[in-house]
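K.L.:
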Amino acid sequence: MAGSGTAHLHAPGEALLSVTDLTVEFPVGRTGLKVHAVSGISFDVLRGETLGLVGESGCGKSTTGRALMQLPRPTSGSITFEGRELTTLQGEEMRQLRTSIQMIFQDPISSLNPRRKVRDIVAEPLNIWGIGTKAEREAKVNKVLEDVGIDPEAAADRRPHQFSGGQCQRICVARALVLDPKMIICDEPVSALDVSVQAQILNLLEDMKVRYGLTMIFIAHDLAVVKNISDRVCVMYLGKVCEVASSDRLYQDPSHPYTNALLRSIPVPDPTVRPDPTTRIQGELPSPLFPPSGCRFRTRCPSAQERCALEEPTLRDLGDEHYVACHFPVGHSEAPPTDQSTSRAVAPSI
Amino acid sequence: MTGRSSSFQAEGRPQEGLLLEVDDLRTHFRTELGVVKAVDGVSFTLDRGKTLGIVGESGSGKTILSRSIMGLLPKRNTIRSGSVKFEGRELTTLSTRDTRRIFGTDMAMIFQDPMTSLNPVMKVGAQITEGLKKHMNMSRSDANATAERLLNDVGIPEPHRRLDEYPHQLSGGMRQRVTIAIALACGPTVLFADEPTTALDVTVQAQILDLLAAQQRDRNMSMILVTHDLGVVAGRTDEIAVMYAGKLVEKAPTAKLFSEMKMPYTESLLKSIPNIEDASHTRLEIIGGRPPNLIHPPAGCRFSPRCPYVRDRCLTEEPPLVEFTAGHTYACWYPVGSPEYHEKVAERSALADAGAAAGGS
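In the order they appear, the protein sequences are chains A and B.
Each residue of the first sequence is one higher than the one before, counting from 1 in my numbering.
Each residue of the second sequence is one higher than the one before, counting from 1 in my numbering.
#1: Provide the residue span of the beta strand (DSSP E) that contains Lys247/B, from first to last.
#2: If I measure Cβ to Cβ from Ser58/B and keep anything under 7 Å in the same chain, skipping five residues before and after, which residues do I get?
#3: Where do the ends of the alpha helix (DSSP H) carrying Met70/B lie?
#4: Taking 8 Å as the threshold (C-beta atoms), are Thr237/B and Gly49/B in contact?
#5: Whose Cβ in chain A lies nearer than 9 Å to the Cβ of Ser222/B?
#6: Along the chain, where does the beta strand (DSSP E) containing Met236/A start, and where does it finish?
#7: Any contact of the stretch 191–201 of chain A with the stretch 117–128 of chain A, i.e. 3+ C-beta pairs under 8 Å?
#8: Is the separation between the beta-carbon of Thr129/B and that of Asn144/B shorter than 8 Å?
#9: List, in chain order, every chain A residue whose beta-carbon is nearer than 8 Å to that of Arg283/B.
#10: With Glu25/A as the anchor, note down where its alpha helix (DSSP H) starts and where it stops.
#11: For Ala234/B, which residues in chain A fall below 8 Å Cβ to Cβ?
#12: Between Tyr251/A and chain B, is there a C-beta pair that is closer than 8 Å?
#13: Confirm, please, whether the CB-CB distance from Met174/B to Gly61/B is below 8 Å.
#14: Rounding to the nearest angstrom, what Cα-Cα distance links Ser81/B and Thr254/B in this structure?
#15: Below 7 Å CB to CB, which residues in the same chain sit around Ala213/B once its five sequence neighbours on both sides are set aside?
#16: Reducing DSSP to helix, strand and coil, say where Arg177/B ends up.
#17: Run through chain A and tell me which residues come within less than 8 Å of Leu270/B, C-beta to C-beta.
#18: Label Val121/B either buried or exposed according to how many other C-beta atoms from any shown protein chain fall within 10 Å of its C-beta, with 16 as the threshold for buried.
#19: Would you be able to state if there are at least three C-beta pairs under 8 Å between the stretch 244–259 of chain A and the stretch 58–74 of chain A?
#20: Would Arg290/B pass as an interface residue toward chain A - the criterion being a Cβ-Cβ separation below 8 Å?
#21: Looking at the secondary structure, which residues open and close the beta strand (DSSP E) in which Gly53/B lies?
#22: For Gln200/A, go through chain B and note every residue whose CB falls closer than 7 Å to its CB, in chain order.
#23: Within the 8 Å Cβ cut-off, does Val195/A reach chain B?
#24: In its own chain, which residues sit with a C-beta less than 8 Å from the C-beta of Asn127/A, not counting the 5 before and 5 after it?
#25: Name the residues in the stretch 201–216 of chain B whose C-beta lies less than 8 Å from a C-beta of chain A; which are they?
#26: Locate the beta strand (DSSP E) running through Leu78/A, then write down its first and last residues.
#27: Quick check: Leu205/A and Val35/A, are their CB atoms within less than 8 Å of each other?
#28: Put Tyr330/B into one of helix, strand or coil per three-state DSSP.
#29: For Ser293/A, count neighbouring Cβ atoms within 10 angstroms of its own Cβ and tell me buried if that reaches 16, exposed if not.
#30: Considering only the alpha carbon of each residue, which of Gly165/A, Cys326/A, Ile79/A lies closest to Glu243/A?
#31: Quick one: what's got a C-beta closer than 6 Å to Pro125/A's C-beta in the same chain, skipping five residues either side?
#32: For the stretch 15–25 of chain A and the stretch 258–266 of chain A, state whether three or more C-beta atom pairs, one from each stretch, are separated by less than 8 Å.
#33: To the nearest angstrom, report how far apart Tyr265/B and Tyr330/B are at their CA atoms.
#34: List the residues of chain B whose Cβ lies closer than 9 Å to the Cβ of Leu262/A, in chain order.
#35: Would a check of beta-carbon distances place Thr325/B closer than 8 Å to chain A?
#36: My understanding is that Leu269/B touches Val124/B, with C-beta atoms under 8 Å, so please give their C-beta distance in whole angstroms.
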C-alpha cells in the first residue's frame, strides 16, 4: 500500500474480475536487481462497475492494466475473471479469453496502424475470429462506428492521419467494442487530449458502457477525470494500493495523505481559489529498484513517523466500503498496533 | 533564490509599465491546399511583471501566436504582418542578428514537451551554459557556477551532479525544470510558457506552476502562459485571452472573465472541465465538433457552427471585438447574459425536458 491486505475485496463469486496479491517485477539486465513495478496489490471489479486506478507516473497503474491482459504475465499473484484463473491459462485458451477483455490506450494516433483504412482497422478482430458473413461483418463495423460518433460513410475509407486525436480515440473505442467484450481497460484514454475533446470521450465511454453493458477499469492520473467516470476508485503509489473508496466518498473524506495531496494538486477553474504551494507533496517518486521500507509513501509523507518505516500498513476498513492503508490516516484514528509488526518490515530499505 | 535574481535584473530598468505590444498580428501559411490563416489579426498588450494566459483548443492558433511573436517560424511560405513592439522597439523588422540579441536574453520560451526540447546528446550543464557564454560573455567557470545556481533555483537536488547528466537520466518533471533553468539563464523580462505542464502528471504540474510563479515574482518577469485548460490559468494569471480559430474572442482580467464571461466559447470551455465537486457520473457539457478549418473559416462568427446559442445573424456577419467594461472585450452578437441568450437557454432546457419525457414514456 502504501500497504498490503485484502480486507476490501468482495466475497468470492461477487466480482467479475478479482486480483489478489498481484506482483509484477522486471529484472534489470544481469545486475540481479529488480524493478518492483507492482508489489502485491489486490482489488476486484463488480459486474457493470467502473473502477478507477489513479496515481502518478511510475505508480504501476499501467503495468497493472497490462498484467490483467497477461501482457506480460505477472510475476506472482492470482487474477480471476468470471471465476477462471487467468495467470495459468495457456496459448489458445488465453487467446480466446482476450476477446472478452479489450484495451484502449493513451495515444490514439500511435495505436492505430497509419497505413490501414478505418474500416479495416475496426473489422480486423471480426476477420481474425471469422465472425459472421462478410455482409454481417460490414454491418457490424458500420454500427459500431456510428455508435462512437463516426460517420461510417465518410470515414470508413480514410486513414488515421486524416482524423483529429479525438476522432482517432473514437475509432480506438470502436475497435475495442466490435467483439462485444465484457470488460474494457482504458489506460489514460484522455490524457493526450484537449479538455473539450476529453469531455466528449468521457461522455462517449459512459454511453458505451450502458449500451454495451460493459465493466470498466479506467486508469488515469487526474483525480477529477477519474471521479467523473468511476463508481469506485483505487489510489496507487509506487506499486501499492493506498486507498479504496467510492468516488464520492474518496473526495469527501480523503484519508490517505497521498490521496489528499493528489486532490490538492488538481487545478481549480476558479480564480478565487489561490494555488497553495505549501500543500504540495515534495520531491520525486523514489526508485522502484529500492522501494522504501514499511510504507512506501513515507519518504514524501507530511505525517510520517517512525512506525511508518518499520511496519507496512495494511488496508483497513473505515466503514462504508472505505479502505485505507495508512497508520495515521487524515481525520481518522490511528491504526491499532499489530503483533506481526516486526515480521512485516521486510522490504529493502534505502 | 532571490539573491541571484536581483543581480540579473538590469539596473535602471523600469519595474512597471508597458512591455510588449502586439498589434493586428497576422500569420498565414501558404500550403498546397490554400492559405492557412493561423493567426488572424490579434492585438494585446502586456505590462511588466504581469501574467497573461492564452487559452484555446488545439488548432486555435495559440502556439503559432507565441511563436510568431518570438519570430520562431520558418521564413518560407509564412506571411507575417502586423506589429510586435518590445520595450518600444519594433521586432518584426529587425535583422536576424539583432533578433538573436533579444530572444534568449530578454525574451525566452519553454515548450510543452521537455523530452524533445532538450538536446538528447548534450549534457544538461552544457545546454544551460551555452546561452550564458554566448549572450552574457561569461567565462566557462562563471557559467558553470551560474548553471549550478540555476538548477538549485528551479528545485533540482544535487545540482552539481546533474550538470554532468544527460536529459534521459532525468524524469519528465526534472527535464521541464531544466528547460525552465535554460529559459531563465539570461534573466529574461518576458517568458513564454507554451503548454508547460500538459505532458506532466497533476502533482508535477502543480509543482512546475508553483515554480514558475515563484521565479516570476522574484525576477519581476512578465509571463505568457499558453494552455488549453482554464483550470491551469485560473489562479495564476492577471489577465486571460481566449483564442478561437486564429482570433481573440474574449479578453478580460482573470477574475472578471470567470465572473462575467460573455463569449459562449469561453463558457463552453469552462463547462467541459470535470469539476471535482460534482458527484461522479455527472454528465459533462461538451462543445460538439472541432475547431474549423483555417483555410476556409466559416463566414460570420467563426464559432457559429458549434455555438449552442447561434442565430441567423451569427452565420453572416462577423461580430467585432467590443468593450464590455474596462479591459474586458469580447466578440459576440448575443453574449452570455443577453436576452437572446436567455431565450436560447430556455429553449434548450425545454427541448431537453421534452426529450427526457419522451424517453421516459
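In this text, a Cβ means the ideal position worked out from N, Cα and C, and glycines have one as well.
P.N.:
In short, the structure shows the following:
#1: 247–253
#2: His228
#3: 62–70
#4: no
#5: By Cβ distance, chain A contributes nothing, its closest Cβ being about 19 Å from Ser222/B, past 9 Å.
#6: First-last of the beta strand (DSSP E) with Met236/A: 232–237.
#7: no
#8: yes
#9: Asn203, Glu206
#10: In the DSSP assignment, Glu25/A falls outside any alpha helix (DSSP H) and lies within the beta strand (DSSP E) extending over 15–28.
#11: Pro267, Val268, Pro269, Asp270, Pro271, Val273
#12: yes
#13: no
#14: 29 Å
#15: Arg236
#16: Three-state DSSP puts Arg177/B in a helix.
#17: Pro269
#18: exposed
#19: Short answer: they don't touch.
#20: yes
#21: 51–55
#22: Ile286
#23: yes
#24: The beta carbon of Asn127/A is closer than 8 Å to those of Arg137 in its chain, skipping five residues each way along the sequence.
#25: Answer set for the stretch 201–216 of chain B: Asp201, Val202, Thr203, Val204, Gln205, Ala206, Gln207, Leu209, Asp210, Ala213, Ala214.
#26: Contrary to the premise, residue 78/A reads as Ser rather than Leu in this sequence. Ser78/A -> beta strand (DSSP E) spans 76–81.
#27: no
#28: strand
#29: Buried is the call here.
#30: Cys326/A
#31: Val178, Leu179
#32: no
#33: 11 Å
#34: Val202, Thr203
#35: no
#36: The Cβ separation is near 36 Å, so there is no contact.
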